[in-house]
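For the sequence shown, the residue numbers in mature numbering (1 follows the signal peptide of the UniProt record, and there is no 0) are -20 to -1, 1 to 1249.
Positions of the beta carbon are idealized from the N, C-alpha and C atoms, including for glycine.
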Amino acid sequence: MARLLSVLLPTVLLWTGVHPDISLTAGATHGLLLPEVVASVTLRYFRHPFQPVQIYRAASSAHQRLLQRDLLDVVLRAVGARCTVSFATAGGVLRTRAILLGENVEAFERLLDGFSTSRHDYSGRYLLVLTGSGEIQWRRLFEALWRRHIVHVNVLVTRNGTVDAYTYRPYSPQHCGHPVLSLVASYANGSDGTRRNLYPARRLTSLYNCTLQVGTFEAKPYTFLERKVDGYVELGGFEGDLLRLVAHRLQFRVNVTESPNQLQWGSIGPPGNSTGTMKLVQDELVDLVIACMAVDVIRNVYLKPGWAHYTSRVLFAVPQGRPYTGFEKLFRPFRVDVWAALGTVLVGVVAVVVALSCGRRARALRAFVYGPLVSMPLLGALYLLWGGVARHVPRRNFARSLFVIWLLFTFVLRTLYQGSLYLYLQRSATYPPLATLDDIKRSTLHYHMVNIAMRFFVDRPEIGPRARFVPPGLDTLGSLVAGMADRYTDRVVVCPQDMVAYHNKLTKHAGRAIQVTREPITLFPVTIYYPKKSFLTQAFDHEIRAISQSGLMDFWVRNYGDYDFEANRREPRTGGEPRKLTVQHLVGAYELLVAAHLLATVVFLLELESVRVARLRRLLEFCMDIRYVSLFWQALLLQAAGQTPTEPALKRLVVRETVGNHFSEVIVDALNRYYVQNHSSTLVMRLATASPHTHHLQSDIMDEVMQRTSHTIAYEFRSPTAPPRRPRIFNIVFVDGYAAFLQLFRTLDPAHNDFSGYYLIVLTTYGRLLPDTLRRIFAFLWALNVVNVNIATADLQDHTSRQSVLLYTYYPYRSGGRCEQIEPSLLHRFRKGQRVDRTVELFPPKLDNLHRCRVTVCTFQLPPYMLLAERDAAYGGLEGDILTALSRKLNFTVRVVQPADGELWGRTPAPEAEPNSSASGCVRLVLTGRANLTLGRFAIRGDRNLVLKHSRSYYTVRMVFAVPEGREYTPFEKLFRPFARSTWVWVALYLGAALAVIYAVQLSRSRAVREFVYGRGVHTPVLNLIGVTVGGGLLRLPTRNFARTLLLLWMCFCLVVRTCYQGSLFQYLQERKHVAPLQTVDALVQHDYRFYSMLGSGLYLQQLPAVLARITWLPDADESIERLLLALATSRTPATAVFTDVERLAFHNRFRAVRAGPVHMAPTVLVRLPIGIYYPRQSCLANQFDRELDSLLASGYVTYRLAHYVNYDLFGRPVASRQEPTPLTTDHLIGCYETLLALLLAATALLLLELVSRRVEPLRALLTFLQTE
């Protein structure tokens, strides 16, 4: 009787309309409470849009099996159609929701023994229902669950009229990895437990300082292994920093386990066949592995990946360019056009000489042009060009004028060549390194890589013979990459860009930079891998996602590397001081000398032979007269051959007739052409409200279409209660009229449906279709910004051979000023029995030409991104130029609107908030539909992405502090700037040693010693010493050889020191030298700087409480930033720091530095912000704009336009002065005047001492001794 009641009562409740979640009446029997709780838990926690609830049962007696069946019968009737239930495990699909019914612990163990990681996700949700009675072995049950790392689990037990829910905690303050029983909730009826969350999203918030085993190896800069004295290994690198922060937040300790046998990553395969760190994590010897672990499909089969915390690039490290030979350097000072001009001049000289050598009046003309005594004019002209002296000077005025002109020309040309040649001989100039993948392919270099990197070249089998694998070992790949700087020239190395950036930063001031290709091989996301049974993924992914979104990951990455690869390619790192020329520098000159000797030998042999051969003698005489006339002509033949590839034949789609009057043929053709994707399923929506006949017709068409496309397309049916996890791009809709269409599309949400995707609407309506119906449908679709849409319809009552399927669409923008005027347009007519025309574009591009229609853009004045004209509607700046390029490509006009509430970017509301009340600035205008898009250094952030749609990022902004210029050196300090402190110490030591020698000789009181050391008749050696030091002369020279030698040595030493000091002092007096500005945020805080920032940028300073404590918020207007930057440039506001971006400072330095001076910055980058364009969530412009932005980025347009508005060259160095020397003024010589005044004061003091010494005997004796008479 109780069983009958338990079955009938829920059924009666369902028939009478009572909601299953409502508790049963108090008069129900005790046996109904447990199924009611199970149904309530199932509906609240186990519903999933794609996963059914898997149910398992285990019982050893017939009574228990019957009891479990009755319990399931009540549960399933209460759950109804709102939750899908499965009793059989499908192969290849991981189950994440499972309910287990067992009579005791042994039954649960039998069920768990049948579980496997290939069919069950142990990190999913599990509910165990104990149907038997008796004592429960909790420890045994929870240990069985913990061995499989099933943590998100609850056990329901019936006791004393209530249902208790138990779980366990694997980590607690006293236990690490030992389950501890915990009572979660007690149910007296079905709704008692709703106040407690049985399956919280973050079940593990603390590991209570327990230890996790981490598998890793050294892969710099991702991971460093720092070995301590006590044997403990600490993990460093930017992935080590990430793990350290996660450990701090989740409160666990890290114990490092290194890769066995230094196999690094190793290979992954079935259990027992893996190596390296892959073996550690697969065999569950560690809890996770981290060390540049790229997300890989094969690894995902055997391991569990975490959130991708960083995306890097794989590229080639290439050898340095081949150095120029010594002979090639001889031609480097001049470009080809200069050499061509010089050759033209010499050819002209040869032509003049040849012309003057012919004719009757040749002798008179030669005498008039270059003088009567000049017998070899061509040789003389070349001799002057090389710096020789003319033997005979012409006497005629005209000849002298030509002679002077040629002297000036050769003097200037020779001077320029010699000065430039000196620099080129010093530099280790090289050819540019390989820059593209095609350059490497055309070369003969070997490809060096780790063995797992061959997956990047599966489409290039031709490189297989050239591949060389790096043997596993301790940072072997890093050592190979480091050797590319100056050791290896026969190979390229496949490596992540971070390894190259790390070595470039490590050797930035001590070695050559490693060169890389401009084109990456591929992008690869980096993640943490866990065992298949791991429960850590959810907790770790939550923390890692927050860290990545905060920008900390990018900050750590930049701290470990120098990513300015283009600067390393352009500027070789050499010292600024001159270097001595060595034999290696002059190899080209020696080669040229050897070639000249060989040529002279050949000419000498020809001269000997010409004694016997008359013709050869006449030829040599003629050559001597015109000075080695040689003209070379070179012909270049260009041949181009083109090959027209043949197009493959189109296969005819053979279909059979369906019950839908060849609807299926048209739909299958459209799906196969546009909907076949590997990573996105097609959402099917269906509704028939007109008649059951259209419902059956839709079923027949869907059945036929899915049978013929299920092997290529994955379908997903729309559920009104369970929206998809991500917006669907491909959609097919079956409706039978406007009412059904309106009922379906009114419920669409841009968060779950991508309105810029593809929509194929199959209109199964009987009778003739009215044009007004199409117009109303398309008008509603345009209100949703659904553009890529087609409506397929036909007269379903026409079964003749003339029956056709009509495909309609609409164009929101058309020529003739018809903007946003929605009119149906017949795209194509598919006639029955005819082949489907594959040349017809079913989804034509509708937004690649907006036909001069207007697009409203919300923006504001923000240099250098957006520059708005005050009078007209003109705009410029980086993003203004991008908007202009987009308007030209897509043919639209721009209407600029500015926010009127005093905020630039504005506040971003919560997703459910009203935009009119909680939003502001440009965000409000876009949300309310008054603007089609907005731009102006809009950072792509998570809170904005919840309510708006963003474009692809086209630039990354670096936020820094602008600081004033350091204090200027005083004129007196400049006198000591030419020499370093160590140089001054050595000069002072030499002077001290010289004075010590003089006074030692004076104390000896021996006249012979004094005459031997510094000469006879020298009475003031100290004054002579100082005079020689500063460049003065001597009235009396020593006559002894030893004294002369000492004087000569001291004069040589003083000449070198004085020359270096004078040349350097001239430059230091001319330039405005300043002390370097502060470099770090901590230094700014310690020096009590005042901080300023616009209110819209304050979100990025929340992690700096010391800065927030003394910050002044500025209104969101660029005028406030401009005033502060001008004040910083003119040093009117000392101890002030302004929070802004590097590009804003570079804009000031380009256009304001000449008038106000440059602005400096603290080089520490606080945050990097990817910027883009924001649209409404349902905007149709985003995808088309992204395609155009991709082409602009690929062409280098963004970088090219940015260079017109910024100047990065003034950071860290003074403004470039004029090329000619600056005359010294009184201001430059203030330090000299100060020194002169100090010396005059010293002389006055000595005068007073001399006067006083007449009365004070000891003072007179001291002064007499100092005179060294």
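Our contact map puts residue i next to residue j with C-beta atoms below 8 Å; I'd like the distance itself, whole angstroms only.
| i | j | result |
| --- | --- | --- |
| PRO668 | LEU740 | Residue identity differs from the one stated: residue 668 is Ala in this sequence, not Pro. About 17 Å separates the two Cβ atoms, so there is no contact after all. |
| ILE79 | VAL33 | 6 Å |
| ASP298 | ALA288 | Note on identity: in this sequence residue 298 is Val, with Asp being the wrong assignment. The pair is not a contact, with the Cβ atoms about 28 Å apart (cut-off 8 Å). |
| MET273 | ILE508 | 7 Å |
| PHE714 | PHE760 | That pair is no contact at about 17 Å. |
| VAL943 | MET665 | Wrong, their Cβ atoms sit about 59 Å apart, outside the cutoff. |
| ARG1090 | ARG1070 | 6 Å |
| residue 1250 | ALA447 | Given a span of -20 to 1249 for the chain in the structure shown, any question on residue 1250 remains unanswerable. |
| GLY1076 | GLU883 | 7 Å |
How many angstroms separate the CA atom of residue i from the CA atom of residue j?
| i | j | result |
| --- | --- | --- |
| TYR746 | ARG910 | 41 Å |
| LEU283 | SER247 | 12 Å |
| PRO804 | ASP734 | 22 Å |
| ARG467 | LEU310 | 27 Å |
| PRO958 | THR1000 | 30 Å |
| GLY195 | VAL213 | 12 Å |
| ARG653 | ILE647 | 10 Å |
| VAL591 | VAL334 | 25 Å |
| SER1233 | ALA1225 | 12 Å |
| LEU807 | PHE758 | 14 Å |
| ALA145 | ARG24 | 15 Å |
| VAL903 | ARG1181 | 26 Å |
| SER254 | ILE709 | 39 Å |
| PRO879 | LEU1094 | 17 Å |
| PRO672 | ALA720 | 13 Å |
Hey, residue i and residue j: beta-carbon distance below 8 Å or not?
| i | j | result |
| --- | --- | --- |
| residue 1273 | VAL164 | No answer is possible for residue 1273: the residues shown for the chain start at -20 and end at 1249. |
| PHE515 | TYR102 | yes |
| ILE681 | SER644 | yes |
| LEU822 | LEU787 | yes |
| GLY94 | THR76 | no |
| GLY141 | CYS190 | no |
| VAL193 | THR237 | The displayed chain sequence assigns Gln, not Val, to residue 193. Contact flag set, yes. |
| ALA19 | VAL55 | yes |
| ILE494 | VAL461 | yes |
| PHE840 | GLY916 | yes |
| GLN31 | LEU81 | no |
| PHE88 | LEU121 | yes |
| PHE1165 | ILE1153 | yes |
| PRO452 | GLN244 | yes |
| ALA379 | GLY351 | yes |
| ARG176 | HIS132 | no |
| PHE918 | VAL1061 | no |
| VAL474 | TYR290 | no |
| VAL65 | GLN117 | no |
Flag this pair as touching only if the stretch 530 to 544 and the stretch 215 to 228 have three or more C-beta atom pairs under 8 Å; answer yes or no. Verdict: yes, contact present.
With three or more beta-carbon pairs closer than 8 Å as the criterion, would you say the stretch 853 to 867 touches the stretch 894 to 903? Contact between the stretch 853 to 867 and the stretch 894 to 903 is absent, with fewer than three C-beta pairs closer than 8 Å.
Kindly confirm or deny that the stretch 956 to 974 and the stretch 1175 to 1188 touch, where touching means at least three C-beta pairs closer than 8 Å. Touching, no.
Can we say the stretch 928 to 944 touches the stretch 1172 to 1180, given the rule of at least three CB pairs closer than 8 Å? Under the Cβ criterion (8 Å, minimum of three pairs), the stretch 928 to 944 counts as touching the stretch 1172 to 1180.
Enumerate, from N- to C-terminal direction, the unbroken alpha helix (DSSP H) stretches of 4 or more residues contained entirely within the stretch 309 to 345. Qualifying alpha helix (DSSP H) stretches, in chain order: 316 to 336.
Can you list the alpha helix (DSSP H) stretches of 4 or more residues lying completely in the stretch 927 to 999, in chain order? Those alpha helix (DSSP H) runs which fall completely within the stretch 927 to 999 and span 4+ residues are 951 to 954, 961 to 984, 987 to 994.
At what residue ranges does the stretch 737 to 792 contain a whole run of the beta strand (DSSP E), taking only runs of 3 or more? Correct list: 769 to 774, 784 to 790.
Which whole runs of the alpha helix (DSSP H) in the stretch 130 to 215 are 4 residues long or more, in chain order? Listed in chain order, nothing qualifies, since the stretch 130 to 215 has no complete alpha helix (DSSP H) run of 4 or more residues.
Entirely enclosed alpha helix (DSSP H) segments - the stretch 646 to 691, minimum 4 residues: Positions of the alpha helix (DSSP H) runs, each at least 4 residues long and wholly inside the stretch 646 to 691, are given as 672 to 689 in order along the chain.
Enumerated in chain order, which unbroken segments of the alpha helix (DSSP H) with a length of 4 residues or greater are wholly contained in the stretch 816 to 885? When DSSP assignments are scanned along the stretch 816 to 885, the uninterrupted stretches of alpha helix (DSSP H) that are 4 or more residues long and fall wholly within it turn out to be 858 to 870.
Taking the runs of the beta strand (DSSP E) that are 3 residues or longer, which of them lie wholly in the stretch 232 to 310? You should have 232 to 238, 268 to 274, 290 to 298.
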